[in-house]
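Take 926 as the starting number for the sequence shown in the working numbering and just add one per residue. In this text, a Cβ means the ideal position worked out from N, Cα and C, and glycines have one as well.
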Amino acid sequence: WSGGAFGYFPTYALGNLYAAQIYDDALKKNPSLPSNYRKGDYKNILAYLRENVHQHGRIFQPRELVKRITKEDLNPDYFIKYIESKFYPIYRI
926 WSGGAFGYFP
936 TYALGNLYAA
946 QIYDDALKKN
956 PSLPSNYRKG
966 DYKNILAYLR
976 ENVHQHGRIF
986 QPRELVKRIT
996 KEDLNPDYFI
1006 KYIESKFYPI
1016 YRI
């Protein structure tokens, strides 16, 4: 906003890409996460985030952190997979 571009949030798009890729890794390591959420249980995702993200604080740039966690560079395919899994059942698109 300080640049005068009101409503322009490029970091939100990047954050969504990083989050989808990291969440895919979390699901691979703990496939029961969705059923835990339905029970109001968030301890496994919190433990995953503490171990893989939070403990590093601001030591690594996002690009480096996602590579350390997922063993690959930022990949938009994870976001596409997430969006499809979220919206296809609702809208059939």
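- Assigned with DSSP and collapsed to three states, Pro-956 falls in coil, not helix or strand.
- Closest by C-alpha distance to Tyr-1003, out of Lys-968, Leu-939 and Pro-935, is Leu-939.
- By the 16-neighbour rule on beta-carbons within 10 angstroms, Ala-972 is exposed.
- For Val-991 and Tyr-943, the gap between their C-alpha atoms comes out near 7 angstroms.
- Ranked by Cα distance from Ala-951, the first of Arg-963, Lys-968, Tyr-1016 and Tyr-937 is Lys-968.
- Leaving aside the five residues that flank His-981 on each side, the residues in its chain whose CB is nearer than 7 angstroms to its CB run, in chain order, Leu-990.
- Here the C-alpha atom of Lys-953 lies approximately 15 angstroms from the C-alpha atom of Arg-993.
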